[in-house]
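Engineer:
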Amino acid sequence: MVASPLFRPLFYPFGFLLAVLVTAAALAPWIHHISHGSINLTTALGRGAMLGLVLAFVPLARRWQLDLPSLGLPHLRRLPLQILTGLLAGLVTMGLHAALLNHLQIRLIIPGTTAPEALAHRLMGNIALGLTIGTVEELLFRGMLYAAIRRFHGDAMAILVSTLYFTLPHFLSTKLQIPEDSIQWDSGFILLGSAGQHLLTAADTSSVAALLAAGLVLGCIRYRFPGALGYCIGMHAGWVAILKTYHPVSVFVPEIFSRLYWTVGEYDHVIGWLSTLWSLPLAAAIAWVARKRSLSV
């Protein structure tokens, strides 16, 4: 069958992810109960799924003989410099994007919210948050998933599949709150169903394109620097830090000041077609340099 070469790398990870999510949904009410309510149901589901992905991958990594270098992890002495380099790149690229949004009046800075000391404090806190998010997500997507797909299907498929599965979870969320006295054995499944419904209804084209483009940039960096996952972690962290800092001090004003309001998506009104416009050429340039280098070796 023509589709068979695509079926495994595209849909096997989906089955793996679905199994972990279902398990986390089944365990979430018990985790909430055991913690005497200190871990809410949503956190138990989300963090449980994340932990489950890591734990379930360990035996697979041993079976497929995936070591730390294949996961993109360098010697520990090199990792901090890689993360710092990626962080600076992420801060600059997303910072320029935020400045452009402000210049085009797609988003406007709220007066009185940008005192230098307060802004610097907010940015430092968001860098720490970004490093946490970047480390977890890059280990999952550009580390474990990329290595597993690359092991059997090559770099191109690894970039595409890791990008797809990096994008989808951003829309897998829910605002549903189940009252404490109504939590039952199936409450985790109710939350999971609500998150799935949100995924199907909230993924607008502009936001999906922006996240796919961002994933391609990170995937191409992973391809260009096979043993330097730290670059991906750092750049991811820099993007998160700017987004988390810029969003609360600015406001999206559709159609009032700029006809380019449509260039940001519904996901956060920051990323969208405009960020896609610079992300895709950046990804293509990194991939071209990597390809040219591999051919010259």
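The number in the working numbering is simply the position in the sequence shown, starting from 1, with 2 added.
Think of the CB as a built atom: it goes at the ideal place given N, C-alpha and C, for glycine as much as any other residue.
#1: By the 10 Å Cβ neighbour count, where 16 or more other Cβ atoms means buried, how is W241 classified, buried or exposed?
#2: Name the DSSP bridge partner or partners of I111?
#3: For R261, which three-state DSSP category applies?
#4: Of the residues R153, G114, R109, Q107, which one's Cα is nearest the Cα of P11?
#5: Within 10 angstroms of the Cβ of L98, are there 16 or more other Cβ atoms? Answer buried if so, exposed if not.
#6: Going by the CB atoms, is the gap between S164 and A216 shorter than 7 angstroms?
#7: Can you tell me which of the three DSSP states K177 falls into?
#8: Under 8 angstroms Cβ to Cβ from T116, same chain only, skipping five residues before and after it: list those, please.
#9: Taking three-plus beta-carbon pairs below 8 angstroms as touching, is the stretch 203-217 in contact with the stretch 126-133?
#10: Compare the Cα-Cα distances from T52 to each of M146, R293, A286 and report the closest residue.
#11: Indicate whether at least one CB of chain D lies closer than 7 angstroms to the CB of G132.
#12: To the nearest angstrom, how far is the alpha carbon of F168 from that of L214?
#13: Assuming the contact rule is C-beta atoms closer than 8 angstroms, A285 and L218 should be a hit. Round their C-beta distance to whole Å, please.
#14: Return the chain-ordered list of same chain residues with a C-beta closer than 8 angstroms to the C-beta of T247, the five sequence neighbours on each side being excluded.
#15: Whose CA, out of I111, W187, G229, lies closest to the CA of L47?
#16: Alpha carbon to alpha carbon, how far is D183 from A27?
#17: Terminal residues of the continuous alpha helix (DSSP H) containing F168?
#18: According to DSSP, simplified to helix, strand and coil, what is R224?
#19: Going by alpha carbons, who is nearest to M237 out of T134, N42, I108, P113?
#20: Quick test of your reading: R226 and C234, contact by CB under 8 angstroms. State the CB separation rounded to the nearest angstrom.
#21: Quick check on the burial criterion: 16 or more other C-beta atoms within 10 angstroms. Buried or exposed for I112?
#22: Nearest to V24 by alpha carbon, out of I192, G267, A287, L78?
#23: With distances taken Cα to Cα, identify the nearest neighbour of S209 among T278, A63, A287.
#24: Buried or exposed: which applies to P171, given that a residue is buried once 16 or more other Cβ atoms fall within 10 Å of its Cβ?
#25: Just tell me which of N42, A197, G50, L55 has its CA closest to the CA of P15.
#26: Straight-line CA distance for V253 to I288?
#27: Taking DSSP as the reference, what is the three-state secondary structure of P15?
Structural biologist: Taking the coordinates as given:
#1: buried
#2: S252
#3: coil
#4: R153
#5: exposed
#6: no
#7: coil
#8: V251
#9: no
#10: First, the amino acid is wrong: residue 52 is Met here, not Thr. Closest by alpha carbon: M146.
#11: Structure shown: chain D not included; a single protein chain is present.
#12: 8 angstroms
#13: 4 angstroms
#14: L121, R124, L125, N128
#15: W187
#16: 18 angstroms
#17: 148-169
#18: helix
#19: T134
#20: Their Cβ separation, rounded to whole angstroms, is 10 angstroms, which puts R226 and C234 out of contact at 8 angstroms.
#21: exposed
#22: I192
#23: T278
#24: buried
#25: L55
#26: 33 angstroms
#27: helix
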